[in-house]
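Numbering (UniProt numbering), first residue to last: 1 to 416. The beta-carbon is built from N, C-alpha and C at its ideal position, and this holds for glycine as well. Owing to the predicted nature of the structure, the values given are computational and were not obtained by experimental measurement. For reference, the structure is listed below as structure tokens.
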Amino acid sequence: MDKLLIAGGARLSGEIAISGAKNAALPILCSALLTTEPVTFTNVPRLNDIGTLLRLLEQMGVKVTRDGDTVTLDAAGVNNPVASYEMVKTMRASILVLGPLVARFGEARVSLPGGCAIGARPVDQHIKGLQAMGAEVKVEHGYVHAKVPRLKGARIFTDMVTVTGTENLMMAACLADGETVIENAAREPEVVDLANCLVAMGAQISGAGGDVIRIRGVQALHGATYRVMPDRIETGTYLCAAAVTGGEVRLTQTSGSYLDAVIDKLMDAGCEIVTERDAIRLTAPARLNAVSLRTAPYPAFPTDMQAQFMALNAVAEGTAVIRETIFENRFMHAVELQRLGADIKIDGNTAFVKGVASLQGATVMATDLRASASLIIAGLVAEGETTVERIYHLDRGYEKLEAKLAALGANVRRLS
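Here it is, written out as structure tokens:
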């Protein structure tokens with residue numbers, strides 16, 4: 001099992017480029033199922049989740065060509081609209097093939113997905129939406145089986161804000177008969193990126209980025225070339241790493257426009273931040289101030305940055321209160337941070353983090369993708385060596401992590 005060994009104490013400085021967004025690339029790759037023409041996507045990160053999805057698409061009959069960060073998909077020969085448990089058990093985003101398959105082929109069988117152990121993430125809103133569009137949907141033997149001659153436009157109100165649910169239903173509606181209106185839609189930048197990609201393929205979509213999205217169905221979509229947006233969570237993670245170490249970094253090929261809530265909190269912590277057209281500069285103070293936060297759907301503070309800010313607050317001046325409102329089981333990293341000397345108390349969905357003067361290196365275990373990032377951030381500032389185990393989580397969401405950290409002056413290496 002791979003481990004990451006970190007020698008703490010180095011001040012991060014320098015410049016690195018941010019990769020394409022995993023959470024945007026996954027639904028965008030699935031959109032290729034909606035057309036018989038080849039589509040080309042650029043700025044696609046090399047991550048385990050991306051590789052898993054490409055293998056799933058290949059199993060369905062999609063022709064996949066990859067060259068660096070460019071992926072070309074040709075779904076003209078799809079002959080197996082089934083996503084098996086073996087292919088999707090490690091990645092929840094696999095549910096995103098459901099909408100496109102039903103829309104184009106009139107039928108799909110998709111295994112109920114797995115993924116990180118951070119709490120329940122049901123697919124009931126996906127099913128409810130497809131049923132509203134006329135599909136007959138059954139859940140049996142661990143599979144979602146949907147069938148319909150052609151989807152019909154419908155008004156869909158989701159009971160909760162769901163990113164993948166919004167994306168799945170938006171893709172399905174592109175080929176439906178008539179207009180579909182999704183109310184209480186997710187507003188995340190990744191949803192907007194998918195909508196922009198679909199429009200480039202010939203879809204008629206308006207309202208993405210707001211809570212009401214309108215899609216007028218068309219007979220067919222066509223091929224296109226589309227660039228995936230930069231990864232805002234990767235951006236935020238490196239900003240936190242630089243902040244914790246008192247560093248000064250410039251992150252390129254990214255944008256502060258996706259990160260208002262995160263940047264505001266970093267500035268509250270005492271960091272100086274300058275946003276450029278496609279880059280962000282951060283200069284950290286000698287010691288950070290504690291910052292309290294509450295996670296909520298976009299444009300509020302993202303749950304995917306909560307763990308990183310817990311690590312930041314662990315060494316900040318003062319006490320921070322962190323409230324997690326999205327997932328019920330997303331404080332598992334707190335126990336591991338305590339092993340490094342952090343003063344953290346948990347009460348339900350609230351964490352109280354009292355900053356300490358220093359952390360001490362130890363062996364810790366990652367429990368999910370963002371927890372892994374928080375432990376690395378803590379290890380960068382801890383005295384001595386920190387070993388982070390189960391770092392396969394990192395390979396799901398951070399491209400070339402060791403190389404990028406090393407380029408900023410961190411002392412990190414992977415151990416098998």
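For residue i, three-class secondary structure by DSSP
i: His-145; result: strand
i: Met-201; result: coil
i: Phe-105; result: helix
i: Lys-400; result: coil
i: Asn-79; result: coil
i: Ile-18; result: coil
i: Lys-265; result: helix
i: Lys-89; result: coil
i: Asp-193; result: helix
i: Ile-6; result: strand
i: Arg-216; result: strand
i: Arg-150; result: coil
i: Asn-411; result: strand
i: Glu-188; result: coil
i: Pro-365; result: Checking the sequence, you will find Met at residue 365 rather than Pro. Strand.
i: Asp-69; result: coil
i: Ala-406; result: helix
i: Ala-120; result: Unreliable positioning characterises Ala-120 in this predicted model, as indicated by a pLDDT of 46, which lies under 50. A coordinate reading is not provided.
Residue i vs residue j beta-carbon contact at 9 Å
i: Ser-374; j: Gln-308; result: yes
i: Ala-185; j: Val-39; result: no
i: Asn-23; j: Ile-233; result: yes
i: Val-44; j: Ala-75; result: no
i: Val-212; j: Cys-174; result: no
i: Leu-130; j: Val-110; result: no
i: Met-91; j: Arg-396; result: yes
i: Arg-390; j: Glu-402; result: no
i: Leu-112; j: Val-123; result: yes
i: Leu-293; j: Ala-314; result: no
i: Lys-152; j: Ser-416; result: no
i: Arg-150; j: Asp-193; result: no
i: Pro-230; j: Gly-20; result: yes
i: Leu-312; j: Met-171; result: no
i: Ala-284; j: Glu-248; result: yes
i: Ser-13; j: Pro-100; result: no
Cβ-based neighbour list, residue i, same chain, cut-off 6 Å, excluding 5 preceding and 5 following
i: Glu-15; result: Arg-250
i: Arg-216; result: Glu-179, Gln-204
i: Arg-214; result: Val-181, Ser-206, Gly-207
i: Ala-195; result: Ile-205, Ala-208
i: Ala-10; result: Gly-409, Ala-410, Asn-411
i: Thr-363; result: Thr-387
Beta-carbon contacts of residue i that lie in its chain and below 8 Å, excluding the five residues immediately before and after
i: Ala-286; result: Gly-246
i: Phe-105; result: Val-78, Pro-81
i: Leu-29; result: Phe-41, Val-44, Ile-50, Leu-53, Leu-54, Leu-57, Val-71, Leu-73
i: Asn-48; result: Tyr-392, Asp-395, Arg-396
i: Ala-334; result: Met-310, Ala-342, Ile-344, Ile-346, Ala-351
i: Ile-377; result: Thr-237, Cys-240, Ala-241, Val-244, Gln-308, Ala-311, Leu-312
Anticipated Cβ contact below 8 Å, residue i with residue j, distance rounded
i: Thr-275; j: Leu-340; result: About 32 Å separates the two Cβ atoms, so there is no contact after all.
7 Å Cβ shell around residue i - same chain, five flanking residues per side excluded
i: Gly-256; result: Ile-263, Thr-275, Ile-280
i: Arg-46; result: Glu-399
i: Gly-8; result: Gly-361, Gly-379, Leu-380, Val-381, Ala-382, Glu-383, Gly-384, Thr-386
i: Gln-253; result: Ala-17, Ile-18, Pro-230, Asp-278
i: Tyr-85; result: Ser-111, Gly-142
Ordered list of alpha helix (DSSP H) runs contained in the segment 246-333, each at least 4 residues: Counting only runs of 4 or more, we get 260-268, 306-314.
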